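Heads up: the structure comes next, in structure tokens.
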Amino acid sequence: MCAGGEPVPATSLALLTLATIAISVAGILGNRTHMLILIAVGVVFVVLFLAWERRSPRRVLPRSTYRRGSSLKWIYLTIAVLASGTVSEAFTPLFGQRLAGLAPFAAGFLGAMMSVGWSVTMIFSSDISRPRAKTAAMLTGPLVLAAGLLLTAALWRDDAGLAVVILWAGVLAAAGAGIGLAFPHLMVAAMQSTDDAQEGAKAAAGLNTVELIAMAVGSAVAGVLVNLGAPSTLASARLLFLGLGVIATVGVFTAYRATREPAGRR
1 MCAGGEPVPA
11 TSLALLTLAT
21 IAISVAGILG
31 NRTHMLILIA
41 VGVVFVVLFL
51 AWERRSPRRV
61 LPRSTYRRGS
71 SLKWIYLTIA
81 VLASGTVSEA
91 FTPLFGQRLA
101 GLAPFAAGFL
111 GAMMSVGWSV
121 TMIFSSDISR
131 PRAKTAAMLT
141 GPLVLAAGLL
151 LTAALWRDDA
161 GLAVVILWAG
171 VLAAAGAGIG
181 LAFPHLMVAA
191 MQSTDDAQEG
201 AKAAAGLNTV
211 ELIAMAVGSA
221 VAGVLVNLGA
231 PSTLASARLL
241 FLGLGVIATV
251 GVFTAYRATR
261 EPAGRR
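With UniProt numbering as the guide, the letters of the sequence shown map in order to residues 1 to 266.
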């Protein structure tokens with residue numbers, strides 16, 4: 001039991017940990033069959049986690065996440081998709097060095113461009129106050145992220161010159177802008193997803209948990225995608241951003257579902 005008196009959801013945490021480990025190990029295996037088996041094992045652990053969470057009194061996520069008609073699960077899924085898109089930052093500097101011959105310092109800046117995009121955009125997006133504009137921001141954010149990641153996948157090339165590197169940086173910043181556009185309003189939507197003040201507080205507290213879970217699983221998936229492209233750095237770069245871009249397109253659907261529930265029913 002933790003200091004605040006709430007019991008620790010040990011089983012849920014164990015299942016999540018096992019899922020992440022299975023997918024992470026799959027990412028370093030050279031044998032494709034073994035890789036697929038471990039990915040399947042990881043998926044099974046995720047399914048078991050969700051099944052356990054639905055019926056267990058000790059949960060990682062709030063009870064309202066699993067309630068029929070609640071928008072919270074769609075909000076969390078959208079946040080998870082946006083967070084998973086950021087795991088590409090761990091590999092971008094390497095791609096910049098290998099594909100464009102960038103110095104480590106310059107490659108680091110290239111890797112940070114997505115963060116720059118979402119940080120700057122979030123400042124302006126937070127000022128949006130009209131309900132329709134907020135809904136539009138939540139729907140547009142995942143679409144912009146997906147477009148940016150998929151376009152980056154198409155733009156990777158060997159022996160890239162300065163103009164191409166600048167193009168990479170701009171598109172990565174645009175992809176990050178999609179995160180910054182939607183994220184502030186998803187956070188507010190999570191807190192307003194229920195009329196119960198206590199559940200609302202739990203929903204808000206669950207945001208960081210969802211981000212951490214998404215980044216852990218997303219990093220493991222990214223490792224698998226990069227490994228699939230090895231030993232070609234170009235193939236790894238294209239596969240990573242293509243895969244993350246496809247995942248981001250799922251966020252367009254989840255964001256749509258998150259905005260369909262009337263505010264009073266969330």
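The beta-carbon is built from N, C-alpha and C at its ideal position, and this holds for glycine as well.
Keep in mind that this is a model prediction, so the values were computed, not measured.
Residue state for Ile28 is assigned as coil, using DSSP reduced to three classes. Looking only at Phe183, Leu82, Val25, Asn208, the smallest Cα-Cα distance to Thr135 is reached by Phe183.
Every alpha helix (DSSP H) stretch that sits fully inside the segment 102-162 and reaches 4 residues is listed by chain position as 104-111, 113-125, 131-155.
For Tyr76, the uninterrupted alpha helix (DSSP H) run begins and ends at 72-85, by DSSP. The beta-carbon separation of Ala177 and Thr121, rounded to 4 angstroms, stays under the 8 angstroms limit for a contact. Shown here for Gly206: same chain residues with a beta carbon closer than 6 angstroms to its own, the five before and five after excluded, namely Leu61, Pro62 in chain order.
Sequence-distant Cβ neighbours of Ala80 in its own chain, meaning closer than 6 angstroms and more than five residues away, are Val210, Ala214. Pro184 sits in a helix when the DSSP states are folded into three classes. Here the alpha carbon of Leu228 sits roughly 8 angstroms from the alpha carbon of Arg32. Under the three-pair Cβ rule at 8 angstroms, the segment 105-117 does not count as touching the segment 240-259. Secondary structure of Phe91 (DSSP, three-state): coil. Short of 6 angstroms from the beta carbon of Trp74, and not among the five residues preceding or following it, lie these beta carbons of its own chain, in chain order: Thr254, Arg257, Ala258. Taking the Cα of Pro231 as reference, the smallest distance to any Cα among Ser64, Phe95, Val44, Gly42 is reached at Phe95.
Nearest Cα to Thr92 within the set Thr249, Ile123, Arg260, Val226: Val226.
Counting C-beta atoms within 10 angstroms of its own C-beta, His185 has 16 or more neighbours from the protein chains shown and is therefore classed as buried.
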